[in-house]
Each structure stands twice: as C-alpha cells, then as structure tokens.
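**Q** Please find one structure pasted underneath; my questions will follow.
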Amino acid sequence: MKLEKSSWIAAIVGTIVAIVGLIVAIFTWLVDRNDAIRFCKDLGKTIAAPFNWLAHPITLPFFGLILAALVIAIIFYCWGQLVTEQQPQQQEPFSASTNYQDYRADDIFGVHWKWMYVYGKLDVNNLTAYCPKKDCMRRLEPQLNRNARANVNQMGFPISLLCPRCGYQQDFNTDMATLERNVLLEIERLINTNEFQIRLTQNKT
Numbered sequence: 007m008k009l010e011k012s013s014w015i016a017a018i019v020g021t022i023v024a025i026v027g028l029i030v031a032i033f034t035w036l037v038d039r040n041d042a043i044r045f046c047k048d049l050g051k052t053i054a055a056p057f058n059w060l061a062h063p064i065t066l067p068f069f070g071l072i073l074a075a076l077v078i079a080i081i082f083y084c085w086g087q088l089v090t091e092q093q094p095q096q097q098e099p100f101s102a103s104t105n106y107q108d109y110r111a112d113d114i115f116g117v118h119w120k121w122m123y124v125y126g127k128l129d130v131n132n133l134t135a136y137c138p139k140k141d142c143m144r145r146l147e148p149q150l151n152r153n154a155r156a157n158v159n160q161m162g163f164p165i166s167l168l169c170p171r172c173g174y175q176q177d178f179n180t181d182m183a184t185l186e187r188n189v190l191l192e193i194e195r196l197i198n199t200n201e202f203q204i205r206l207t208q209n210k211t
C-alpha cells in the first residue's frame, strides 16, 4: 500500500512540475523578457528565504523550458510506474458480506463434516460425518479401529469411520469424542484465521 501511494505522489509531483514549467514558459514568451525578469525578482522578494530561487532570472529559451518540464514529468512518471510494478501482488480482499455462519460443511481429516451454529457459536451436538466422495455422501458409521496403536493415555477406543454404501473407510487413532473435539477446534481455527472464506470459494467451484 505504501508503494502504491508513492507512485501516485510521484505522478502528481511530475504533473505539477510540468504545469509550472509550461506556465513559466508561456509567461516569458508572451511578456517582455525584461518585464518578466523584473516581475520574478519582485515576486522573489515577497517570499521567504528558502524560496528565493524563484527570483533568479530566467535564461533558458522558451522551448528549452518546455523540454525541461516534459523531461522532469516523464522521469517522475517512469519512476512511479517502476515502483508500482515492483509492488507485490496482493490477494483480492474477501467480500465484507461473507459471514462465517455460511461456513457449514468442509472436508477435514479425510472426512466430509457438516455442522450448525446456535446463537452464533458452533453447535457441538450437531456435528455429522459424511463420506467425502461426491457421488456418495452417505453418513459414516463409527466402528472399532483394530489396526490403531494402543495409547495408555487414551480414555476411549480408537475408531474408524466407514461408509456402508461405497465402503470408504477413514481410520483414526482417537476415540469418537476426541475426534469430534479436534474437528471443532480445526473449524474454529479456520474461522479465526479467515481461511474459511477460501474454503467456501473452493467448495463452490
């Protein structure tokens, strides 16, 4: 954003310099040279010391002033364009109307989950697992995962989620309660980091 502002400032400064140069050139062309020099000197006396350079006599020819003004304007314009090109591409901002409560389904941990919200919060009692295959989407049924490694710190038994329609199976090394808690924590993370908006866009395609 700062680089973009710099390019705009450079373009504005270049335009102002070009306009001032043209005005000075036209003024010196229309008015007698001596009168123009006398006017500049009188004007310089009324300005503070840092701006006394305005009172110096103009010695450049008319077309020379125009050329100098155009060159300065082109330099500022090219510099502004160069700064703009070097600015990293920014991702398009998400629509402000996107509401996290529109995010109600996603593939997490190899399973398609659906959930609901109650008073703006995740409903922990309304989380359901479905088969992630697009041509199936059958509700998955938990069963004991006999291939999981034993964990002495685990309260329940490791489970697998099985689709009775197509036979899809996803194994987990946790019990069902822990799995659902982990899924809810992942959903909250996606919402808090605004990654859910990317998921919503991907799910629509």
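Under the numbering used here, read the sequence shown as residues 7 to 211, first letter to last. For each residue, glycine too, the CB sits at the ideal point set by N, CA and C. Since the structure is predicted, the reported quantities are computational estimates derived from the model, not experimental observations.
#1: Is it a yes or a no for the region 163-178 touching the region 192-199, going by three-plus beta-carbon pairs under 8 Å?
#2: According to DSSP, is P94 part of a helix, a strand, or is it coil?
#3: Suppose you measure from the CA of I204 to the CA of W121; what does that come to, to the nearest Å?
#4: Please look up how many angstroms separate the CB atoms of V117 and L190, rounded, as I've assumed it's under 8 Å.
#5: Starting from T184 and walking both ways along the alpha helix (DSSP H), at which residues does that stretch end?
#6: Who are the Cβ neighbours of F163 in its own chain at under 7 Å, not counting the five residues just before and after it?
#7: Ends of the beta strand (DSSP E) at K120?
#8: Roughly how many angstroms lie between the CA atoms of R110 and K127, to the nearest whole one?
#9: Tell me which residues share the same chain as V130 and place their Cβ nearer than 7 Å to its Cβ, disregarding the 5 neighbours each side in the sequence.
#10: Which residues does DSSP list as the beta-bridge partners of L167?
#11: Going by C-alpha distance, which of K139, E186, N105 and A135 is nearest N200?
#12: Give me the Cα-Cα distance between I29 and I81, rounded to the nearest whole angstrom.
#13: Give a yes or no on whether the C-beta atoms belonging to R152 and C169 are separated by under 7 Å.
#14: Following the continuous beta strand (DSSP E) through Y222, name the residue where it begins and the one where it ends.
#15: Which residue's Cα is closest to the Cα of T184: A79, I165 and N198?
#16: How many angstroms separate the CA atom of D108 from the CA atom of D141?
#17: Use the C-beta contact count for D112: other C-beta atoms within 10 angstroms, 16 or more gives buried, fewer gives exposed.
#18: L60: buried (16+ other C-beta within 10 angstroms of its C-beta) or exposed?
#19: Using the DSSP secondary-structure output, state which residues sit across from I114 in a beta bridge.
**A** Reading it off the structure:
#1: no
#2: Confidence at P94 is low in this model, with a pLDDT of 47, below 50, so its placement is unreliable and the value that follows should be read with caution. Correct three-state label for P94: coil.
#3: 18 Å
#4: Not a contact, Cβ separation roughly 13 Å.
#5: M182 to N198
#6: L150 and D181
#7: V117 to K120
#8: 12 Å
#9: L190
#10: P148 and Q176
#11: N105
#12: 19 Å
#13: no
#14: Lying outside 7 to 211, the shown extent of the chain, residue 222 is not represented and no answer is given.
#15: I165
#16: 23 Å
#17: buried
#18: Because L60 sits at a pLDDT of 48, beneath the cut-off of 50, its placement in the model cannot be relied upon, and the point is left open.
#19: V117
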